[in-house]
Structure formats: structure tokens, C-alpha cells
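One structure is given below, encoded as C-alpha cells.
Protein chains in written order, with our numbering: chain A, 1 to 372; chain B, 1001 to 1404.
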């Protein structure tokens, strides 16, 4: 275990400011509420600006492969800001999950390199064709199969950001074992069920003899998938931190200004103690999320522990923060017009993403020699 | 006014300090020197607490360089001043004396305080003044000769039975609001009228004492700060207490969590699924707050202290209590036994010492001592999050007219 850097560097702080400015201009709560019931629940213009102009889609991709040559630490920072705005962009699906999977395939392969460049530049939007709830240590999925002719058939349900992807990265099992494939979205049937999370939609993606390009085979495909899931889980903790931070900030702001019984409700200890406890949870959540991002960035041996711990802790922190936000807002927090529900929906759906906290604790128990 | 800030560090950097220590060690071989003589000489060389002024055991260096000096002495096998035994003197009395004491008092008191020749205790809390310290009732009245005569009762005083000196806050003017009528002294504990009684606690032992003060005389020269300014002086002491409780670097599974994980690993027959998930939840919490402590120290090291420190004790208390409680449930039958209820006066207190029953009972104090968890939550809510204070009914009334 090397000493982890748990702070934000100056470069990271600058990046945060750029993303926050963009979201401040383009992703207000009012516009979000209007968007979630429109025909375009995702803001693809915002996504293009974020991915291409700010260059965030390829942050963790090496420069020679068209990325920024930064690391998971910077991806985590962007996710913190996106969580704070529950921004409706396919960053997790494309810039994190699909990109992490492809980045572990052999970049000497021209198809792999081309796809990675496309994803890193934001020219292409990807999605990893597994259910968002897939646990980091789940067995290789078998719901999609590859035929000898290289086409795919089967369904991947509940794919995060799948409705706006133009390419799917698909784990599928063929005659010679597991493989990771790329399928053009035009060759797939994409069905959008009603998503619990209004700002990150899921898709059920069906392939019927869909032409596919094999990106990796065998163990390499398995490793690429588990790397993507672990990276997604570890970095999701930072998004959850961003969700929690917005909920805390907004709650504190509200109870300072809300008068009942002739005084701000935030002057009652019953409320003050609750937000103080929440603040304290965020202190620990930030440390856990930073630790996960840092160990992932350095490829540290402790990364699996860090990810399991961060998911266990930050998942619950985000849900707790969103639930407190609703409760401490009182009646207004229960309305559709107040954005708090968008955060609660994101928080609860994210808690289930990559396995609920109890699953991560079970994994952790094995990793740190505390067996059941 | 406080001395906890690093302040403008003058001159010496880490390298300069290492040179000073090396020169000192060349003249004072730890292997052959008398322990006390060695410590006194270290103080006189300014290598005791380097951020203190020259002549008072320091070199006006930056506070964070103390660890450099301590490491050099430790590496040389030098005797230390047993800081755990004299924590109140080092952490609370010394910064207050430095900030508010006369030159004579600083010269007289700081050296034997640091060497441990004179142990200090803290006479703040009273039966009627716990979280509301400013309500304290111990009276100090100035007599015709200018000396002060003190009467009252203090409580929760660790080390009172071994202490030579105390820091003491008294009520000198009951006719003004409570925060304005207090005065702060250093008290010679060997004075007539000072009676120390052990205060037995739920663990069976007595770490603390009650201190009864009956017509105890204090010279005016032993006053710290102005008459009536005792609250401001006490705040300096308490701010330093919080710095002291800030928490040290721990390895993973350090502290209470390590006790429970050890039992878990050694006693597989005790495991249940419900205890397993609770243990892992607490493991995660302990580890997340351990990392938060590392993060806090990293922030301090780059000169960007965050407000996170306010919460570390609150978190520590909660996690330690939950872990200690879990351990008893895990132990099952063994939890029905206790090692020893005999009244004892431990010299040092180890929250993770003795056995599980003791740890559970002792952990109950963690959320009370050094600021209750409820007070800490108020502090976080008001000072970190900026929420309004509760309306107060006790700040504008004369102390003597407060309901009690």
C-alpha cells in the first residue's frame, strides 16, 4: 500500500471549475425538470461540449490513443461535478464503462484503437451492454451469445446510458468462450423502459444476428469487463459524493431561510444535529472516494478493497443525504417541481448500481480476511 | 489569542533543527545522561517544543517541525518526557500559560511542566457546569491583602491526585452575565484546603477525581489574563484540547476495530451473518474515517486546513462505541464475565485495553469527555455549516439570577 494522495491537485481544481461553469450555464434544475419529460431526456449538446470541447471523455486514455493522458482521478472529479448537477449526459456509460473496457483490449488491433479514439474524442458515444446492477465480481454474462459467423444474439437488459449510445461494447459468449464485441447501435434493437432514475436512463438492448467486431477474446475479455465494472464502481463513489454534497448544501441553504415558529428551522437542534451528522458522513465519503480514485489511477493492489469500501460507504451516504434532503425540506421536498427527487432517484438507483452495498461488504470480507 | 497557529516561523528549517539536535546529542549522550538532566538540558537548548519562544524551551520554529525533532531524539534512543502521562500540562496548560502568563510564571512553570517533574491537572468542569462550562460556580474572592480565596467543587479531574499544579477557572463576579464574571488562575495543588477524592466510574476504576476547594489561597501573581476575562483564557485552553484530540495516524485496523477483527478471526465458531454485516459496516466506517484523518493531515501539510477536524472526535466516539458493543455480542457467553471491578487508579488509560467488557463501558465516555457529541454537532452545524444558534436566555442575565 503506497501512500495515497487524497487531495485535489491544482490541475484537478481547475478542471472542476471548468466543468462546474459549464454545468452552471447549461444544466439548471429548472431546465432539467423540463427535459426529463421531453423527447430528449439526455442533453447531447451538453455531452458533446463536455466530451469534445472540454476533452473529458478521454481523460484516462493515453495521449497516443487520442486521450488526455490523465487518470481515473480526473474522471472521478468530473463525476463529482456531474453528480452535483445530476447532469443528463452519458458520461458513466461512455467515458467510464465503455472506455475502460475497450482500453483493456489490445490497442495494436486497429479496430480497438479506432474505437478507443472515437470514444476518447467524444466522436462516438458508447455503452457497456451489461445491466447497471451487475456486481463487480459477477460471472461473465451469458445472455448474449456469439455465433461462429461473428454475429451476436441475445439481450442485455438495464444498460446504463444505452438509449443514446451509438456503439455497444458487448460481453458475449461464443463457441470459443467469452469475448468482448463492438456492435453499432444501428444493428441493435434498443428499447427504453421507464427508468427509476430520470437523469440516467437504462435501455434493454436486443441483438438478433447483429454484425459485431471482436475486441478481445478469452481471459482478456473477462479481465477487460471486470476492469470496467471495478472502475465504474470505484468512480461512481465520486458521483455519489457529488450527489450527497448537493443535497447537503441545498438542505443547509433551505433550513437557514425557512421560518417556522418564528425562527429559521435550521436553528432547531433536532435539525442541526441531523445535518451535522450528514456533513460528517460526507467527510468520510470524500476520503473513501478519493482513495478509490487514487488507487485505481495508480493500479494499486489495494484498489479492490478501496472500491468495495467506497461503494459500500458512498452509496449509503448519497441515499442518506437525498432522503434527509427530502425530509428536511418538508412538503416542498415531496413535490415534482423541486429538484430534490431527481437526486433521490439518482442516489437510490446508484446504490443498486454494480451491486448493493451489502454485496460489496461481502466481497470486502473476503478481501480483508473477515470471512462469513 | 492563541498559540496553536504555526505563526511566522523564524529561521530554522528541518535541516537546521536536525543539526541542532545532532549538536545537542554530541554534548549529551542519552546512554550515559541522567534522564531528568537530559530532559532539562533539551528544554534549555530550545528543543522541547520548537514552536515555543527561545528561552522557554523552543526556537520560534514552525509547529509542524516538532515531529522532525522528536523523530531525531527517538532515533537516538533518547529518553522522552512520557507525554501521555502529562498530556494536560503539554496540551492545555502550557499553551495557555504561554499566551496569558507573566514572564515570571512562564519561567517558573514551563520547564518542569515539559520535563514532567510537575504534573498538571485541569479544574474546569463542576457538578453544575458540564457542557455549559460558563455556568461554573466556584467562587474566588479577593481579600484585603490582594490574595484570592477560593471555595467550590470541581469534577472529572484526571491526574488531580498526582498533580502539582492546576489550571483553574473561577467565578469572581456573580453580578454580571456568566461569560463576563470569570477569572483564570494557576493553582498550587499542595495548598491547604485542596482535597482530592477519587471519582469511581462505571468501569469500576477511578481515572478521575472530584476536587473540593475550601478557603484555598492563590496569590494574584498566579492569575492568567485580566480579572473577569477567564472565559477568553479558557477558550484558548479548550481550543488546544481539540487540537490535541485531533487524532493521530493509525494503520488500517488500528484502534478498536483491530480488537474486534482479531476476535472474529480467532473465533470462527462465534460468527453469524448478522454480526458479519455489522462488522463489515463498522470496518468500512473505521477505515473511511481513518482515511479522512489522513486526508486532514495531508491538507494541514500543504497549509490548507479544512474544517474536517471538528468532526473527527465525533466520528471516533460513535465508531468506537459501536465496535465495542458488537464485540460483546460476538463473544456471547464470555460477555457475561468481567475482568475485575476492583476500585483502582490507573496511571494511563487505554481505550482499547483490558478486555471487551471494559472497552464497552469505557467507550461510553468517548461521546461525553472533551465535548459531548451533542455539543460537537452544534459546533459543526454553527461554525462549519453556518446554521443559526438556538435563541439564548442565559447570556444577558446576571449569573446569580440564572435558573439552576
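The C-beta atom is built at its ideal place from N, Cα and C for all residues, glycine as well. Please read all numbers here as calculations on a predicted model, not as lab measurements.
- Taken atom to atom, the span from the alpha-carbon of residue 181/A to that of residue 52/A is near 24 Å.
- Residue range 1120–1123 is occupied by the beta strand (DSSP E) that includes residue 1121/B.
- Considering only beta carbons, the part of the region 276–304 of chain A lying closer than 8 Å to chain B consists of 276, 277, 279, 280, 283, 284, 285, 286, 287, 288, 290, 291, in chain order.
- Taking the beta carbon of residue 358/A as reference, the chain B residues within 7 Å of it are 1277, listed in sequence order.
- About 5 Å separates the beta carbons of residue 243/A and residue 343/A, which is inside the 8 Å limit, making them a contact pair.
- Neighbours of residue 372/A across chain B, judged by C-beta separation under 7 Å: 1271, 1273, 1276.
- Around residue 267/A, the beta-carbon contacts reaching into chain B at under 8 Å are 1387, 1388, 1389, 1390, 1391.
- Taking each of 248/A, 264/A, 348/A, 169/A in turn and checking the Cα distance to residue 236/A, the smallest one comes out for 348/A.
- Per DSSP, the unbroken alpha helix (DSSP H) holding residue 290/A starts and ends at 269–298.
- Contact between residue 1360/B and residue 1330/B does not hold, since the beta-carbon distance rounds to 11 Å and is not under 8 Å.
- Nearest in C-alpha terms to residue 1376/B, of all of 274/A, 340/A, 339/A, 123/A, is 274/A.
- Taken in chain order, the unbroken stretches of beta strand (DSSP E) that lie wholly in the region 127–160 of chain A and span 3 residues or more are 144–146, 151–160.
- Each residue's CA atom was taken as its position, placing residue 1384/B and residue 354/A some 34 Å apart.
- Look at the region 1090–1121 of chain B and you find these whole runs of alpha helix (DSSP H), each 4 residues long or longer: 1094–1100, 1103–1115.
- Pairing residue 1323/B with residue 293/A, the inter-Cα distance amounts to about 28 Å.
- Per DSSP, the beta bridge partners of residue 1213/B are 1152/B, 1194/B.
- Partner residues in the beta bridge of residue 1223/B, as assigned by DSSP, are 1185/B.
- Using a Cβ-Cβ cut-off of 9 Å, residue 65/A does not count as an interface residue toward chain B, since no Cβ of chain B sits closer than that to its own.
- Judged by DSSP secondary structure, residue 227/A falls outside any beta strand (DSSP E) and instead within the alpha helix (DSSP H) spanning 218–257.
- For residue 1368/B, not one C-beta of chain A is nearer than 9 Å to its own C-beta.
- Nearest to residue 1052/B by alpha-carbon distance, out of 1013/B, 1041/B, 1095/B, is 1095/B.
- Collapsing the DSSP output to three states places residue 1345/B in coil.
- Beta-bridge partners assigned by DSSP to residue 208/A: 153/A.
- Taking a Cβ-Cβ threshold of 8 Å, none of the residues of chain A is close to residue 1365/B; the smallest such distance is about 20 Å.
- Per DSSP, reduced to three states, the secondary structure at residue 1170/B is strand.
- By the neighbour-count definition (other C-beta atoms within 10 Å, threshold 16), residue 277/A is a buried residue.
- Around the beta carbon of residue 196/A, a 10 Å sphere encloses fewer than 16 other beta carbons of the protein chains shown; the residue is thus reported as exposed.
- A distance below 9 Å separates the beta carbons of residue 50/A and residue 122/A.
- With fewer than three CB-CB distances shorter than 8 Å, the region 70–85 of chain A does not count as touching the region 136–154 of chain A.
- In the three-state reduction of the DSSP assignment, residue 263/A falls in the strand class.
- Boundaries of the beta strand (DSSP E) harbouring residue 168/A: 167–174, taken from the DSSP string.
- Under the three-state reduction of DSSP, residue 86/A is assigned to coil, being neither helix nor strand.
- Under the three-state reduction of DSSP, residue 320/A is assigned to helix.
- A Cβ-Cβ distance of about 7 Å is found for the pair residue 199/A and residue 36/A, placing them in contact under the 8 Å criterion.
- Under the DSSP assignment, residue 164/A falls outside any alpha helix (DSSP H); it carries neither an H nor an E label.
- Under a 10 Å Cβ-count criterion, residue 1256/B is classified as buried, with 16 or more other Cβ atoms of the shown protein chains found around its own Cβ.
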